[in-house]
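For reference, the structure discussed in these notes is given below.
Residue numbers (my numbering): 19 to 421.
Spelled out as structure tokens, the structure:
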């Protein structure tokens, strides 16, 4: 940055660190023949009926603004979806807002509830945008570290230890990105007791709700006493293979959405009209496709977890999403060193765990949202890389002992 522009910039923005994920994507883009296990998006194409609905809406001239919170028809479908799938009811008229992706919904939530200096608890390892979005809204993100010995699940004790008189909210993401950790109903019930005790509000990122593999998904808003203190975040990117559409939504008590819509009016106006028609079709007629994707991801998850453990990179079995988070501590490398050396030596792109917070150091994130053929080849390359590290370490140890 040219120094003459420094004094124009927001101090908050200057302090933000660039995305650790993007750094490795950019590096991988310069190398031919790379297998990427870094991209957090489905390898499935958006179902044709959804694409067709959007195309038809364009042909029929639906190119105008919609109501600020989105088409009422879409909000009605979202309301039905949440009630039918997760047993939570929101009035489509005044409790649901269609947003530009789930990320905007999270940004909108923080800008609505935070005053300068308010603390928001971020469960780490955590998606890279959470802490910056808190900071941009004037709040202070506070990391709550989780550990692999219980599958990276947040415990009530860990939560209690981080709460201060400045704590206003907690962001929960289940299934979690990057660990795949899933909080079941009993886990959420235990956390709810602490949240109610300290009068916290919950921003619940449920974007991976359709991608759970071993247990039925439980929405945090469905937990007793939590509906009135939950801002539910979801969208179409992951479960419906619609990442590039950038369509999300939030659902919350009317007292909160009434304020959120004011911010939305001034910053966005509305989500694109024609894309909302695609989302209506996705909710009405595409559950079979969702189930096909879920079964495929489950098979891939099982293969990748077993393969990584066989290689010697200890890996817990995630309950959802499409990521695994194996430990690379046995190699003696940092997360960044491992990711960079693997990319250069074997042309496999992964994301260093340190990109997801300090508690992610010693791990890497691998996405299994790619074909089984690609996964099989990637795991062969990782095996070769780890074996090479072991050979080098053994050689060094022998040389050291002789000296």
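Note that CB positions come from ideal geometry on N, CA and C, so glycine has one too.
Asked: Quick test of the definition: if touching needs 3 or more C-beta pairs under 8 angstroms, does the segment 369–388 touch the segment 53–68?; Found: yes
Asked: Can you tell me whether residue 171 is buried or exposed, with buried defined as 16 or more other CB within 10 angstroms of its CB?; Found: buried
Asked: From this set, 167, 50, 68 and 132, which residue's C-alpha is nearest residue 157's C-alpha?; Found: 132
Asked: Once you ignore the five residues that flank residue 288 on each side, which residues in its own chain have a CB closer than 6 angstroms to its CB?; Found: 83, 84 and 86
Asked: Please list the segments of the beta strand (DSSP E) lying wholly inside the segment 191–258, counting only runs of 3 or more residues, in order along the chain.; Found: 219–223 and 248–253
Asked: If you follow the beta strand (DSSP E) that residue 266 is part of, which residue opens it and which one closes it?; Found: 266–269
Asked: By Cβ distance, which residues of its chain are closer than 6 angstroms to residue 186, with the 5 residues on each side in sequence left out?; Found: 136
Asked: Going along the chain, which residues of its own chain have a beta-carbon closer than 6 angstroms to the beta-carbon of residue 301, five neighbours each way excluded?; Found: 95 and 99
Asked: Could you check which residue in 360, 343, 121 and 212 has the C-alpha nearest to that of residue 180?; Found: 212
Asked: Just to confirm, are residue 92 and residue 294 a CB contact at a threshold of 8 angstroms?; Found: yes
Asked: Which first and last residues belong to the beta strand (DSSP E) in which residue 159 is found?; Found: 158–163
Asked: Buried or exposed for residue 349, please, with buried defined as at least 16 other CB atoms from any protein chain shown within 10 angstroms of its CB.; Found: buried
Asked: Suppose you measure from the CA of residue 76 to the CA of residue 125; what does that come to, to the nearest Å?; Found: 29 angstroms
Asked: Just curious, the alpha helix (DSSP H) that residue 73 is in, first and last residue?; Found: 66–77
Asked: Tell me, please, which residues DSSP counts as bridged to residue 189.; Found: 140 and 221
Asked: Would you call the segment 251–263 and the segment 353–365 in contact, with 3 or more CB pairs under 8 angstroms?; Found: no
Asked: Residue ranges of each alpha helix (DSSP H) run of no fewer than 4 residues wholly in the segment 43–130, ordered along the chain?; Found: 66–77 and 90–104
Asked: Tell whether a beta-carbon distance below 8 angstroms holds between residue 341 and residue 169.; Found: no
Asked: Quick one: what does DSSP say residue 406 is sitting in, helix, strand or coil?; Found: helix
Asked: Taking the straight line between their C-alpha atoms, what separation do you get for residue 122 and residue 223?; Found: 12 angstroms
Asked: If you draw a straight line from the alpha carbon of residue 47 to that of residue 260, how long is it in whole angstroms?; Found: 23 angstroms
Asked: Which full runs of the alpha helix (DSSP H) of 4+ residues lie inside the segment 307–379, going along the chain?; Found: 353–364
Asked: Given residue 227, which residues of its chain have a CB within under 6 angstroms of its CB, disregarding the five upstream and five downstream residues?; Found: 235
Asked: Cα separation between residue 150 and residue 191?; Found: 16 angstroms
Asked: If distances are taken between C-alpha atoms only, which option among 166, 138 and 142 comes closest to residue 217?; Found: 138
Asked: Is residue 322 buried or exposed, if buried means 16 or more other CB atoms sit within 10 Å of its CB?; Found: buried
Asked: Name the one or two DSSP bridge partners that residue 400 has.; Found: Note: residue 400 sits in no beta bridge, so no partner.
Asked: Going along the chain, which residues of its own chain have a beta-carbon closer than 6 angstroms to the beta-carbon of residue 299, five neighbours each way excluded?; Found: 67, 68 and 71
Asked: Is the beta carbon of residue 339 less than 8 angstroms from the beta carbon of residue 195?; Found: yes
Asked: Nearest-angstrom Cα distance between residue 397 and residue 247?; Found: 43 angstroms
Asked: Roughly how many angstroms separate the alpha carbons of residue 279 and residue 63, rounded to a whole number?; Found: 32 angstroms
Asked: According to DSSP, is residue 181 helix, strand or coil?; Found: coil
Asked: Under a Cβ-count criterion, where at least 16 other Cβ atoms within 10 Å of its own Cβ denotes burial, should residue 433 be classed as buried or exposed?; Found: The structure shown does not extend to residue 433, since the chain spans only 19 to 421, so no value can be given for it.
Asked: Tell me the rounded alpha-carbon separation between residue 319 and residue 353.; Found: 21 angstroms
Asked: Below 6 angstroms CB to CB, which residues in the same chain sit around residue 163 once its five sequence neighbours on both sides are set aside?; Found: 142 and 377
Asked: For residue 402, collect the residues of the same chain with a Cβ closer than 7 angstroms to its Cβ; drop the 5 residues on either side in sequence, then sort them by chain order.; Found: 364
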